[in-house]
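S.K.: Numbering (numbering that gives the first Met the number 0), first residue to last: 0 to 173. Ideal Cβ positions, reconstructed from N, Cα and C, are used throughout, including at glycine.
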Amino acid sequence: MSITINGNPVDLPGDPRVSLLDLLREDLHLTGTKKGCNQGACGACTVLVDGERILSCLALAVQYEGREVTTIEGLGTTGDLHPLQRAFVEHDGFQCGYCTPGQICSAIGMAAEIGRGVPSHVTGDLAATTIALSHDELRERMSGNLCRCGAHNGIVDAIFETFGEGELQAEAAE
Ligand code: FES
Ligand code: FES
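This is the structure:
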């Protein structure tokens with residue numbers, strides 16, 4: 000039984016009770032993914048599975064056999080940051096940085112969702128195939144990722160700059 004993490008096959012734990020978050024942090028020492036509440040309320044543990052965002056604290060590692068997990072370590076490196084990481088730096092999108100990996104993974108998953116035309120609570124036309132990334136959409140869709148430092152304004156600016164309206168509409172229309 001294995002799982003792919005940042006492109007590398009990894010053996011799943013023998014204990015089926017191990018969460019994906021604990022596999023990442025405790026077994027693999029991929030500590031970029033953070034443990035905040037450990038109960039699905041803060042978003043600090045968000046990772047991507049086959050491109051979709053999930054809360055790794057609520058996921059059992061064994062559930063993801065054969066799937067591809069991407070953590071913050073798989074998105075960019077110190078010398079080669081992901082464009083969204085660069086935007087977070089430029090817009091002061093963090094203070095302590097604890098929520099940042101989750102914010103970034105979540106925003107990438109969010110952009111893919113909106114690109115696929117998945118509606119949110121604030122989407123006016125539920126039948127629309129193209130959804131613009133307005134500030135209301137962005138705030139609603141990122142509301143599961145909390146920042147205790149209150150860096151939300153910079154976070155919103157960084158995400159908006161990276162995944163602005165035009166780009167997402169073009170993606171949805173493909
Ligand atoms: Fe998973 Fe808070 S640690 S949602
Ligand atoms: Fe400190 Fe968000 S930057 S919790």
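Since T32 and P100 should fall inside the 8 Å C-beta cutoff, what is the C-beta to C-beta distance between them, to a whole number of angstroms?
M.R.: 6 Å
S.K.: Could you tell me whether the Cβ atoms of E51 and L11 are closer together than 8 Å?
M.R.: no
S.K.: So, with DSSP's three-state summary, where would you put R52?
M.R.: strand
S.K.: Can a CB atom of chain D be found closer than 8 Å to the CB of V121?
M.R.: Within the model displayed, chain D is absent; a lone protein chain is all it includes.
S.K.: Which residue or residues does DSSP assign as beta-bridge partners of L59?
M.R.: S18
S.K.: Give me the Cα-Cα distance between T129 and L137, rounded to the nearest whole angstrom.
M.R.: 15 Å
S.K.: Looking only at its chain, what residues have a beta carbon closer than 7 Å to the beta carbon of D26, apart from the 5 residues adjacent to it on each side?
M.R.: P12
S.K.: Looking at the secondary structure, which residues open and close the alpha helix (DSSP H) in which V9 lies?
M.R.: First-last for V9: N7 to D10, but that is the beta strand (DSSP E), not the alpha helix (DSSP H).
S.K.: List the DSSP bridge partners of S1.
M.R.: D10
S.K.: Give every residue whose Cβ lies closer than 6 Å to any heavy atom of ligand 1, listed in chain order.
M.R.: K34, G35, C36, N37, G39, A40, C41, G42, A43, C44, L54 and C56
S.K.: Is the beta carbon of T3 within less than 7 Å of some heavy atom of ligand 2?
M.R.: no
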